[in-house]
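**Student:** Got a structure here, written out as structure tokens. Questions coming.
Below, the structure is given as structure tokens:
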């Protein structure tokens, strides 16, 4: 076997497929045959407009173009579409101050007053906002996209085994494979795409890296007749502030921090995803009171979208990986030959598929400046 890919979410699925496209023999290990991960509970947004430098702007556009043709390539519908993103501005905030925070992005938003915002998204509560920002946004069904990648991967001759990776196998500083509860699997190379569990898996081999995670909770509903016309998110997303505090939390181990970003998206099949609580905590197996989380989400979402908040649904929890160094941690881990990391993405659904394609090509002997840049970021993240 040439490669073992650990993790079957969007990162692992896209990377396994792209490696198989390069004619590598690939084994993908995924702990659950029924997905229960960040991909499953993702909003599915493609923020291709959010690049802030030459690299992220180019990758954002590249990611959009990839998604436009991905259903045909994979022979599986990803539900790709382009629709409006409504970024709501809190009643107490000045719209002109908020829009200035978006000056650094590749595409500037349009500033809407309250009436214009409600014309764009009629389900908004006009008394809860002082305005909104409008952007064109991409959207996919993340679970269907991951499934399409995995099916195409298997058609390419790839192998999927549903077992949980519990340790890396290595001789001295050379990784030789992966240990599960019942088996050992060997390959020339191993790449960790385990999302929020990547950190703990690497720690078992005494590899400390600035690859973190939050515990996210959100409500998923069945398909409903009510129609949400746009993706609704707050213009000031507290999750980014929370992630910026991780270095202090890691060193001091303070009490858990928690934020809530009220928002809503309706998938093409009519299902809704409501809100997101993000909790910064170091224990990946931490349990939460999902009934309490659901009540908080419904209260906050109901303030912005009154008709949406009471739709029956179930609150779920998952780990969401991130890092505080760059757009992703991708490359070979220093001092461990044949061990790679592919995790910690920002704008995962935009960047991961295109970086997976570039990574796989580079592993087949085609130098890639983007992969070289990400390798440098990864080396700086080693603790």
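In our numbering, the protein residues as written are 1 to 383. The beta-carbon is built from N, C-alpha and C at its ideal position, and this holds for glycine as well. None of the values given here were measured: they were computed from a predicted structure.
Residue 261: buried (16+ other C-beta within 10 angstroms of its C-beta) or exposed?
**Tutor:** Result: buried.
**Student:** Output yes or no for whether 8 angstroms exceeds the beta carbon distance between residue 194 and residue 303.
**Tutor:** No, the Cβ-Cβ distance between residue 194 and residue 303 is not below 8 angstroms.
**Student:** Strictly by DSSP, which residues pair up with residue 45?
**Tutor:** Beta-bridge pairing links residue 45 to 139.
**Student:** Classify residue 144: buried if its beta carbon has 16 or more other beta carbons within 10 angstroms, exposed otherwise.
**Tutor:** Answer is buried; the Cβ neighbour count reaches 16.
**Student:** For residue 321, I'd like the list of residues in its chain whose CB is within less than 6 angstroms of its CB, leaving aside the five on either flank, ordered along the chain.
**Tutor:** 195, 196, 213, 343 and 344, listed in sequence order.
**Student:** Report buried or exposed for residue 199, applying the criterion of at least 16 other Cβ atoms within 10 angstroms of its Cβ.
**Tutor:** The residue is buried, with at least 16 neighbouring Cβ atoms inside 10 Å.
**Student:** So what does DSSP say about residue 221, is it helix, strand or coil?
**Tutor:** Three-state DSSP puts residue 221 in coil, outside helix and strand.
**Student:** Who are the near neighbours of residue 135 in its chain, counting only those whose CB is closer than 6 angstroms to its CB and skipping five residues on each side?
**Tutor:** 49, 85 and 109, listed in sequence order.
**Student:** Can you name the residues that DSSP bridges to residue 131?
**Tutor:** BP columns for residue 131 point to 89.
**Student:** Are residue 163 and residue 183 close, meaning C-beta to C-beta below 8 angstroms?
**Tutor:** Cβ distance < 8 angstroms, so residue 163 and residue 183 count as in contact.
**Student:** Give the secondary structure of residue 384 by DSSP, where H, G and I count as helix, E and B as strand, and everything else as coil.
**Tutor:** Since the first residue of the chain shown is 1 and the last is 383, residue 384 is not available in this structure.
**Student:** Note down the Cα distance separating residue 369 from residue 350, rounded to an integer number of angstroms.
**Tutor:** Looking at the two C-alpha atoms, the distance is approximately 18 angstroms.
**Student:** Taking just the CA atoms, how far does residue 15 sit from residue 224?
**Tutor:** Cα to Cα, the separation comes out at about 34 angstroms.
**Student:** Go through its chain and collect everything with a Cβ distance to residue 251's Cβ below 7 angstroms, but skip five positions before and after it.
**Tutor:** Model confidence at residue 251 stands at a pLDDT of 48, short of 50, so the residue's coordinates are unreliable; what they give is reported in the following sentence. Closer than 7 angstroms at the Cβ level, and outside the excluded window around residue 251, lies no residue.
**Student:** Considering only DSSP beta bridges, list what residue 181 is partnered with.
**Tutor:** Partner(s): none; residue 181 has no beta bridge.
**Student:** Using the beta-carbon count (16 or more within 10 Å), is residue 363 buried or exposed?
**Tutor:** It is buried - the Cβ of residue 363 has at least 16 other Cβ atoms within 10 Å.
**Student:** Locate the beta strand (DSSP E) running through residue 343, then write down its first and last residues.
**Tutor:** Segment 339-343, the beta strand (DSSP E) holding residue 343.
**Student:** How far does the alpha helix (DSSP H) with residue 354 in it reach, from first residue to last?
**Tutor:** Here the alpha helix (DSSP H) through residue 354 covers 348-363.
**Student:** Here's a check: name, in chain order, each residue in its chain whose Cβ is nearer than 8 angstroms to the Cβ of residue 82, leaving out the five neighbours to either side.
**Tutor:** Excluding sequence neighbours, residue 82 sits near 136, 137, 138 and 139.
**Student:** Closest to residue 382 by CA distance: which of 209, 7 and 38 is it?
**Tutor:** The shortest C-alpha separation from residue 382 is found at 209.
**Student:** By the 10 Å Cβ neighbour count, where 16 or more other Cβ atoms means buried, how is residue 157 classified, buried or exposed?
**Tutor:** Its Cβ having fewer than 16 others within 10 Å, residue 157 is exposed.
**Student:** With H, G and I counted as helix, E and B as strand and the rest as coil, what does DSSP make of residue 267?
**Tutor:** It is coil, neither helix nor strand.
**Student:** Identify every run of the alpha helix (DSSP H) within the segment 5-47, keeping only runs that are complete inside it and at least 4 residues long; order them along the chain.
**Tutor:** You should have 10-21.
**Student:** Cα separation between residue 32 and residue 92?
**Tutor:** Answer to the nearest angstrom: the Cα atoms are 44 angstroms apart.
**Student:** Express the C-alpha separation of residue 277 and residue 289 in angstroms, rounding to a whole number.
**Tutor:** Distance between the alpha carbons of residue 289 and residue 277 is about 12 angstroms.
**Student:** With residue 377 as the anchor, note down where its alpha helix (DSSP H) starts and where it stops.
**Tutor:** 369-381 is the extent of the alpha helix (DSSP H) around residue 377.
**Student:** Taking the straight line between their C-alpha atoms, what separation do you get for residue 281 and residue 257?
**Tutor:** Approximately 7 angstroms, taken between the alpha carbons.
**Student:** Would residue 190 pass as an interface residue toward chain D - the criterion being a Cβ-Cβ separation below 8 angstroms?
**Tutor:** This model lacks chain D altogether; it includes just one protein chain.
**Student:** Closest to residue 330 by CA distance: which of 372, 90, 318 and 310 is it?
**Tutor:** If we check each option's Cα against that of residue 330, 372 comes out closest.
**Student:** Between residue 44 and residue 235, what straight-line distance do the alpha-carbon atoms span, to the nearest angstrom?
**Tutor:** For residue 44 and residue 235, the distance between alpha carbons rounds to 17 angstroms.
**Student:** In angstroms, rounded to a whole number, what distance separates the CA positions of residue 88 and residue 6?
**Tutor:** Between residue 88 and residue 6, the C-alpha separation is close to 38 angstroms.
**Student:** Using 10 angstroms around the beta-carbon of residue 22, count the other beta-carbons present and answer buried if the total reaches 16, otherwise exposed.
**Tutor:** With 16 or more other Cβ atoms within 10 Å, it is buried.
**Student:** So, for residue 61: in the same chain, excluding its five sequence neighbours on each side, which residues have a beta-carbon less than 7 angstroms away from its beta-carbon?
**Tutor:** Excluding residues within five positions, the ones whose Cβ falls inside 7 angstroms are 48.
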